[in-house]
Amino acid sequence: LIEQFFAPSGLKKLLFFYQDVLQQKSSPSLRSDESTKSLLQKKLFITMGSTENITGTCAFFLRTSDKVITASNASQEVNFGIFDCTNGNILQGLEFFLSQIMVPALKSQQNWGAVKEGLKNSQIQDFLYSVDKFVGTLSSSRQNIEGKIQLTKVDIDIYISNLQNPSDYITAG
13 LIEQFFAPSG LKKLLFFYQD VLQQKSSPSL RSDESTKSLL QKKLFITMGS
63 TENITGTCAF FLRTSDKVIT ASNASQEVNF GIFDCTNGNI LQGLEFFLSQ
113 IMVPALKSQQ NWGAVKEGLK NSQIQDFLYS VDKFVGTLSS SRQNIEGKIQ
163 LTKVDIDIYI SNLQNPSDYI TAG
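First residue of the sequence shown: 13, per our numbering; consecutive thereafter.
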């Protein structure tokens, strides 16, 4: 994947995941149900991100053009950053990245290309407002998900074990 990323018209993204991965460890035992133990082990791997779930740290590299990537032009042709998605909390990682890195960088931007007025331009102000609004929505969504109600499983057997006939079931209902 790395060679494909650096090649002309190569891959548009390259992701490095560093996270806990389930490893099977065999151990001699008398009981067959204890022959394999699951262990979590940190692992660094390269991915396109389409089949693996992120549950740790993600370092991402994004091409900005189809030019060949070399040591001399990498700083102009590649954007990169890190998401901390520890415990699979990608919303928190994205919220932090946007609110603490991207939004301050955008608001301090001096050169907006063809837009001469910069931050005074109404389209730029609308864009920054939309990004701020998106970060707020992302934060609210994350807080709602974290505050979800967890129902506990009830062992119903202890409640219905004494029911013998239909009238017992009707009374219990």
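Yeah, the Cβ is synthetic: ideal placement off N, Cα and C, and Gly gets one too.
Contact annotation, Gly93 with Phe29: C-beta distance approximately 14 Å; criterion of less than 8 Å not satisfied. Within the model, the alpha-carbon separation for Asn156 versus Leu150 is close to 10 Å. Less than 8 Å separates the beta-carbon of Ser153 from that of Leu103. As computed with DSSP, Thr59 is found in a beta bridge with Leu27. At the C-beta level, Lys128 and Leu74 stay beyond 8 Å of one another.
Beta-bridge pairing by DSSP links Asn91 to Leu74. A check of alpha carbon separations from Asp78 across Ser84, Ala71 and Val90 identifies Val90 as the nearest.
Val147 carries a helical assignment under DSSP once its states are collapsed to helix, strand and coil.
Contact between Leu52 and Leu34 is confirmed by a C-beta separation of about 6 Å, below the 8 Å threshold. Runs of the alpha helix (DSSP H) lying entirely within the region 81-144, each at least 4 residues long, are 86-89, 102-108 and 115-119 in chain order.
Judged by DSSP in its simplified three-state form, Gln16 adopts helix. Apart from sequence neighbours up to five positions away, the residues of its chain that approach Leu140 with a beta-carbon distance below 7 Å are Leu118 and Lys119, ordered along the chain. Beta-bridge pairing by DSSP links Leu34 to Leu52.
Following the DSSP letters along the chain, one finds Ser179 inside the alpha helix (DSSP H) bounded by residues Pro178 to Ala184.
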